[in-house]
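The next block holds one structure in the form of structure tokens; read it before the comments.
Number of protein chains: 2
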Amino acid sequence: MSSQTMPELLTAALNWRYATKKFDRERKIPAEQWALLEQSLVLAPSSYGLQPWRFFVISSPVLREQLPAACWGQLQPRDCSHFVVIAARRNADPDFVARYLTSIAETRGVSEESLQGTSQAILGKLQRMGDNHLPWTARQCYIPLGFILQAAALLQIDSCPMEGIIPDQLDPLLGIQDSEWTSVVACALGYRAADDAAAGQARVRFPAAEIVRHL
Amino acid sequence: MSSQTMPELLTAALNWRYATKKFDRERKIPAEQWALLEQSLVLAPSSYGLQPWRFFVISSPVLREQLPAACWGQLQPRDCSHFVVIAARRNADPDFVARYLTSIAETRGVSEESLQGTSQAILGKLQRMGDNHLPWTARQCYIPLGFILQAAALLQIDSCPMEGIIPDQLDPLLGIQDSEWTSVVACALGYRAADDAAAGQARVRFPAAEIVRHL
Chain C
1 MSSQTMPELL TAALNWRYAT KKFDRERKIP AEQWALLEQS LVLAPSSYGL QPWRFFVISS
61 PVLREQLPAA CWGQLQPRDC SHFVVIAARR NADPDFVARY LTSIAETRGV SEESLQGTSQ
121 AILGKLQRMG DNHLPWTARQ CYIPLGFILQ AAALLQIDSC PMEGIIPDQL DPLLGIQDSE
181 WTSVVACALG YRAADDAAAG QARVRFPAAE IVRHL
Chain Z
216 MSSQTMPELL TAALNWRYAT KKFDRERKIP AEQWALLEQS LVLAPSSYGL QPWRFFVISS
276 PVLREQLPAA CWGQLQPRDC SHFVVIAARR NADPDFVARY LTSIAETRGV SEESLQGTSQ
336 AILGKLQRMG DNHLPWTARQ CYIPLGFILQ AAALLQIDSC PMEGIIPDQL DPLLGIQDSE
396 WTSVVACALG YRAADDAAAG QARVRFPAAE IVRHL
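Chains as they are written, first to last, in the working numbering: chain C, 1 to 215; chain Z, 216 to 430.
This is the structure:
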């Protein structure tokens, strides 16, 4: 229970968050809070609602020990409470789109025929992109990344967004080498170590007047 | 003041949000709430903290009337309360990186010399990308997009993320044609119209068991 208003809570969370460099290896995110963070990934929006992504949550101690080598030696993937890799679909082929349309029809109780306009819009856009959809599907992955980072901050859970992954080494650990999916970005979540030097550093931002333009 | 816990509030917000198709033209986001939404953009993280973005908030009635034509005829940019375009930097050239490093030095009170390792890491990464940094800077833009969408939902402000923009037509309206910046993605924010058909539609998601993999 909180006596603060949502604007106050949100302001506090946005300012509390930072990219945690050193996690407390002993502290784990409680299961019900982790379930909510997964919900923030699943409920994040995507273009057309297509969800061209997979979320890999790695808990296996054996895998966790192998992660730093696939992440340029960074230790957050090993030391955090929960490590998530967001993978994107290389090619949103017609089969994938068809499965999405089936999913719409089932959820909303409409016929697939009634979705032909949606189908054509999506397939048309994908066709114009050519065979490699990864530049586009990879962008989508940063929306759930934003969602889980902000959700974690609201729950006072620390996080570190990580682009420093090596897909060629990480994908085999996830069992997705030579598949339709490939690692795009990752996020370490948990609790900062008491001696994380990054925690005390002032946040650096260009002046808002430079970044935000009002027209 | 709320009697709900943060997990309850967050769950409610994640489930309340949807892509608003028709906005109430009369209802405007209060200034102090808008200021907080801008903060959610400014405080969003980016790779290396580089912030290779600009946020354009368009209020001018004249511009607002011109937006639909630059957005495939969609009316949300005209009808919403606040319309934001997120633009990315085409090329994060050494001058831009130098300005960022100056910003770190000033904010943290350290010498620029002490940041040489950071500088080399960033410049090395950018060099390996070649001359066109847009595929990477555009990805970054989806993090603040995620931040403002979730922040809006927490404040019970409706939103519609919009990839359907035409940069060649939108950039001149923003005054950034032939510049280092180009439109990547946009977001309409405000309040749903009473007759927005999209508001009543069930949310479509692939089953969590398919999307989230535990290893």
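Using N, Cα and C, we set each Cβ at its ideal position, and we do this for glycine too.
Check: Quick one: is Pro161(C) buried, meaning 16 or more other Cβ sit within 10 Å of its Cβ, or exposed?
Finding: Around the beta-carbon of Pro161(C), 16 or more other beta-carbon atoms lie within 10 Å, marking it buried.
Notebook entry, point to check: Just checking, does the segment 3-16 of chain C make contact with the segment 389-398 of chain Z on the three C-beta pairs under 8 angstroms criterion?
Noted result: These segments do not touch.
Checklist line | Leu134(C) CB to nearest heavy atom of the ligand HEM below 7 angstroms | finding: No copy of the ligand HEM occurs in the structure displayed, which carries no ligand at all.
Margin query: Just to confirm my understanding: we take Cys295(Z), look at its own chain, exclude 5 residues before and 5 after, and list those with CB closer than 7 angstroms. What are they?
Written below: Phe238, Ala403, Leu404 and Gly405.
Item checked: DSSP state of Ile319(Z) mapped onto helix, strand, coil -> Correct three-state label for Ile319(Z): helix.
Checklist line | Cβ-based neighbour list, Arg25(C), same chain, cut-off 6 angstroms, excluding 5 preceding and 5 following | finding: Counting only Cβ-Cβ distances below 6 angstroms, and skipping sequence neighbours, we find Asp79.
Check: Quick one: which chain C residues come within Cβ less than 8 angstroms of Pro222(Z)?
Finding: Chain-ordered, the chain C residues with CB closer than 8 angstroms to the CB of Pro222(Z) read Glu32, Gln33, Leu36 and Leu155.
Check: Hey, would you say Asp270(Z) sits closer than 8 angstroms to Ile211(C), going by beta carbons?
Finding: It should be noted that the sequence gives Phe, not Asp, for residue 270(Z). With contacts defined as CB atoms closer than 8 angstroms, Phe270(Z) and Ile211(C) qualify as a contacting pair.
Notebook entry, point to check: Is the Cβ of Leu406(Z) closer than 8 angstroms to any Cβ of chain C?
Noted result: Checking the sequence, you will find Tyr at residue 406(Z) rather than Leu. By this cut-off, Tyr406(Z) is not an interface position.
Margin query: Which residues of the segment 182-210 of chain C have a Cβ closer than 7 angstroms to any Cβ of chain Z? Give them in chain order.
Written below: Those residues of the segment 182-210 of chain C placed with their C-beta closer than 7 angstroms to a C-beta in chain Z are Gln201, Ala202, Val204, Arg205, Phe206 and Ala208, ordered along the chain.
Margin query: Is Glu395(Z) close to chain C? Criterion is C-beta to C-beta, closer than 8 angstroms.
Written below: False, the Cβ-Cβ gap to chain C never drops below 8 angstroms.
Checklist line | C-beta neighbour in chain C for Ala313(Z), strict 8 angstroms | finding: Judged by the 8 angstroms Cβ criterion, Ala313(Z) is not in contact with chain C.
Next item on the list: Look at Tyr233(Z) and Leu265(Z) and say whether their C-beta atoms are less than 8 angstroms apart.
Entry: Note that the C-beta distance between Tyr233(Z) and Leu265(Z) is not below 8 angstroms.
Check: Under 8 angstroms between C-beta atoms, does Arg428(Z) make it to chain C?
Finding: Yes, Arg428(Z) counts as interfacial toward chain C.
Check: How is Trp358(Z) classed by DSSP in three states: helix, strand or coil?
Finding: First, the amino acid is wrong: residue 358(Z) is Ile here, not Trp. Ile358(Z) carries a helical assignment under DSSP once its states are collapsed to helix, strand and coil.
Check: Going straight from the alpha carbon of Thr107(C) to that of Leu43(C), what length do you get?
Finding: Cα to Cα, Thr107(C) sits roughly 15 angstroms from Leu43(C).
Check: What residues from chain C crowd round Gln254(Z), counting only those whose CB sits closer than 9 angstroms?
Finding: Taking a Cβ-Cβ threshold of 9 angstroms, the residues of chain C close to Gln254(Z) are Leu10, Thr11, Leu14, Asn15 and Ala208, in chain order.
Check: Where do the N-terminal and C-terminal ends of the beta strand (DSSP E) with Leu189(C) fall, by residue?
Finding: Element bounds for Leu189(C): Trp181 to Gly190.
Notebook entry, point to check: Applying a beta-carbon distance threshold of less than 7 angstroms, which residues of chain Z neighbour Pro135(C)?
Noted result: Pro350, listed in chain order.
Check: Whose CA, out of Ser111(C), Ser159(C) and Phe96(C), lies closest to the CA of Gln76(C)?
Finding: Looking at the Cα atoms, Ser159(C) is the closest of the given residues.
Notebook entry, point to check: Smallest Cα separation from Ala198(C): which of Gln4(C), Trp16(C), Ser3(C) and Trp34(C)?
Noted result: Here the closest residue by C-alpha is Trp16(C).
Next item on the list: Just mark Arg418(Z) as buried or exposed, buried being the case when its beta carbon has 16 or more other beta carbons within 10 Å.
Entry: Arg418(Z) should be labelled exposed.
Next item on the list: Enumerate in chain order the residues of its own chain whose CB-to-CB distance from Arg242(Z) is below 7 angstroms, with the five nearest sequence positions on each side excluded.
Entry: Listed in chain order, the non-local C-beta contacts of Arg242(Z) below 7 angstroms within the same chain comprise Ser296, Gly405 and Tyr406, local neighbours out to five positions each way being set aside.
Notebook entry, point to check: If you drop the 5 nearest sequence neighbours on each side, which residues of the same chain put their C-beta closer than 7 angstroms to that of Val184(C)?
Noted result: Cβ within range, chain order: Ile86, Ala87, Ala88, Ala138 and Cys141.
Note to self: At the level of alpha carbons, what is the spacing between Ala367(Z) and Asn306(Z)?
What the structure shows: For Ala367(Z) and Asn306(Z), the distance between alpha carbons rounds to 30 angstroms.
Notebook entry, point to check: Which term fits Asp195(C), buried or exposed, when burial requires 16 or more other beta carbons within 10 angstroms of its beta carbon?
Noted result: Its Cβ having fewer than 16 others within 10 Å, Asp195(C) is exposed.
Check: By the criterion of Cβ-Cβ separation under 7 angstroms, what are the contact partners of Thr322(Z) in chain C?
Finding: Within chain C, the residues Ala202 and Val204 have their CB atoms less than 7 angstroms from the CB of Thr322(Z), given in chain order.
Check: When burial is assigned at 16 or more other CB atoms within 10 Å of the CB, is Ala408(Z) buried or exposed?
Finding: Buried, by the Cβ-count rule.
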